[in-house]
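Asks:
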Amino acid sequence: MSLDFLQPDDQFTYAKRKTDESWIQFMKEMINFEGKKVLDIGCGGGIYTKAIAEMGAAQVIGVDFSEKMLSAAKVYCQGYDTVQFIHGNAIETGLDSDQFDIVLERALIHHIKELEPCLYEVFRLLKPGGTCIIQDRTPEDCLLEGSPTHIRGYFFSMYPQLIEKEVARRHSSGEVIRKLQHLGFQNITENKLWEIRRVYEDQEDLWEDLRNRTGRSILHELNDQQLNSLIKDLQLTLKNCFPLIEKDRWTVWAANKNS
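For the sequence shown, the UniProt record's numbering gives the first residue as 1, with consecutive numbering after it.
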């Protein structure tokens with residue numbers, strides 16, 4: 001089992017984001033966090049941990065492998081008495097079994113090559129009858145055609161060599177569902193979410209984001225010359241599209257631990 005970690009320069013980019021309302025509304029329709037004990041594995045900068053607390057969870061624990069990210073998360077969630085952060089990893093959190101009503105893993109499993117140990121840890125931590133929510137992008141989500149709202153798609157049409165790298169680090173929906181079934185999860189559902197990533201009023205903000213590869217680890221596969229060429233092509237393609245609302249499509253799996 002191995003983890004594919006963030007680039008060092010990306011440690012704090014995730015902590016600077018805010019939870020988009022599209023994600024909050026989607027989760028409210030899927031599950032009720034009110035009064036629940038929730039675990040956020042791979043919490044990063046704590047933005048979703050904080051959102052869960054604001055949705056009424058009685059207690060939220062965020063777990064992350066990166067001490068730097070946890071430091072940022074603690075600052076971001078300062079003043080939220082129901083939130084706690086601990087150092088750990090997705091395979092061995094060190095937490096007691098059968099204690100959480102809900103376990104969330106958002107944007108985590110593409111960092112993990114072997115799914116079963118990770119999902120087994122989720123199963124172990126959930127109370128009987130508890131719910132896991134796994135959110136990530138499948139290869140199909142990432143490789144959708146590029147558009148002014150799905151900028152990621154342009155990366156692969158302009159640089160097809162990125163496709164193999166992207167597919168290699170993503171898990172298909174069928175694989176995730178089979179692993180959940182094998183571990184004994186029930187009532188498994190697959191859902192699609194178009195989550196707003198960012199609204200760009202000024203096009204220069206987008207070009208700066210791309211130059212810095214902010215939150216876009218796949219762009220580390222391009223050298224500076226290639227990245228500049230990508231940006232020049234996008235400047236022509238998107239020149240009349242601002243203000244621009246960038247979205248990413250995600251797959252969200254929900255499943256219950258048998259009572």
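Think of the CB as a built atom: it goes at the ideal place given N, C-alpha and C, for glycine as much as any other residue.
Rounded to whole angstroms, how far is the Cβ of Leu-119 from the Cβ of Lys-179, which I believe are closer than 8 Å?
Replies: Taking the sequence shown and counting its residues from 1, the one referred to as residue 119 is at position 119. Taking the sequence shown and counting its residues from 1, the one referred to as residue 179 is at position 179. Correct: roughly 5 Å between the Cβ atoms.
Asks: If you compare alpha carbons, which of Arg-197, Gly-130, Ile-218 is closest to Lys-165?
Replies: As a working mapping, residue 165 is identified with position 165 in the sequence shown. Closest by alpha carbon: Ile-218.
Asks: Let's see if you can read the secondary structure: which residues bound the alpha helix (DSSP H) around Asn-228?
Replies: Here residue 228 corresponds to residue number 228 of the sequence shown, with the count starting at 1. That run of the alpha helix (DSSP H) goes 224-237.
Asks: What is the rounded straight-line gap between the Cα of Tyr-48 and the Cα of Gln-135?
Replies: In the sequence shown, counting from the first residue as 1, residue 48 sits at position 48. In the sequence shown, counting from the first residue as 1, residue 135 sits at position 135. Between Tyr-48 and Gln-135, the C-alpha separation is close to 12 Å.
Asks: Which ranges does the beta strand (DSSP E) cover as unbroken runs of at least 3 residues, wholly within the segment 99-181, from first to last along the chain?
Replies: List check, beta strand (DSSP E) in window: 100-106, 126-136.
Asks: Taking DSSP as the reference, what is the three-state secondary structure of Tyr-48?
Replies: Position 48 of the sequence shown, counted from the first residue, corresponds to residue 48. Helix, per DSSP.
Asks: If you follow the alpha helix (DSSP H) that Tyr-76 is in, where does it begin and where does it stop?
Replies: Start at 1 with the first residue of the sequence shown, and residue 76 comes out as number 76. From DSSP, the alpha helix (DSSP H) with Tyr-76 extends over 67-76.
Asks: Step through the CB atoms of chain C and report whether any lies within less than 8 Å of the CB of Ile-231.
Replies: Reference to chain C is not applicable here, since this structure consists of a single protein chain.
Asks: Reducing DSSP to helix, strand and coil, say where Arg-211 ends up.
Replies: Mapped onto the sequence shown, residue 211 falls at position 211. Arg-211 falls in the helix class under three-state DSSP.
Asks: For Asp-96, does the count of other Cβ atoms within 10 angstroms reach 16, so buried, or fall short, so exposed?
Replies: The count along the sequence shown starts at 1 and reaches residue 96 at position 96. Label assigned to Asp-96: exposed.
Asks: Am I right that Lys-247 and Glu-208 are in contact with their C-beta atoms under 8 Å? What's the rounded C-beta distance?
Replies: The residue labelled residue 247 in the question sits at position 247 within the sequence shown. The residue labelled residue 208 in the question sits at position 208 within the sequence shown. At roughly 19 Å, the Cβ-Cβ gap does not stay under 8 Å, so Lys-247 and Glu-208 are not in contact.
Asks: Helix, strand or coil: which one does DSSP assign to Lys-28?
Replies: In the sequence shown, counting from the first residue as 1, residue 28 sits at position 28. Of the three classes helix, strand and coil, the one that applies to Lys-28 here is helix, per DSSP.
Asks: Three-state secondary structure (DSSP) at Ile-218?
Replies: As a working mapping, residue 218 is identified with position 218 in the sequence shown. DSSP places Ile-218 in helix when its eight states are reduced to three.
Asks: My guess is that Ile-133 and Ala-90 are in contact by the Cβ rule of under 8 Å, so how many angstroms apart are they, rounded?
Replies: Counting from 1 along the sequence shown, the entry for residue 133 is found at position 133. Counting from 1 along the sequence shown, the entry for residue 90 is found at position 90. Wrong, their Cβ atoms sit about 14 Å apart, outside the cutoff.
Asks: Under a Cβ-count criterion, where at least 16 other Cβ atoms within 10 Å of its own Cβ denotes burial, should Ser-172 be classed as buried or exposed?
Replies: Within the sequence shown, residue 172 is the residue found at index 172, counting from 1. Ser-172 should be labelled exposed.
Asks: Three-state secondary structure (DSSP) at Glu-195?
Replies: Stepping through the sequence shown from its first residue, residue 195 is reached at position 195. It is a strand residue.
Asks: From Ser-259 to Phe-123, what does the alpha carbon distance come to, in whole angstroms?
Replies: For the purposes of this step, residue 259 is taken as the residue at position 259 of the sequence shown. For the purposes of this step, residue 123 is taken as the residue at position 123 of the sequence shown. Taking the straight line joining both Cα atoms gives about 12 Å.
Asks: Return the chain-ordered list of same chain residues with a C-beta closer than 8 Å to the C-beta of Asp-98, the five sequence neighbours on each side being excluded.
Replies: Counting from 1 along the sequence shown, the entry for residue 98 is found at position 98. These residues qualify, in order along the chain: Arg-124, Leu-125, Leu-126, Lys-127, Pro-128.
Asks: When you compare the CB positions of Ala-51 and Gly-35, do they come within less than 8 Å of one another, or not?
Replies: Walking along the sequence shown from the start, residue 51 turns up at place 51. Walking along the sequence shown from the start, residue 35 turns up at place 35. Contact flag unset, no.
Asks: May I ask you to report which of helix, strand or coil DSSP gives Ala-90?
Replies: Indexing the sequence shown from 1 puts residue 90 at position 90. Coil at Ala-90, not helix or strand.
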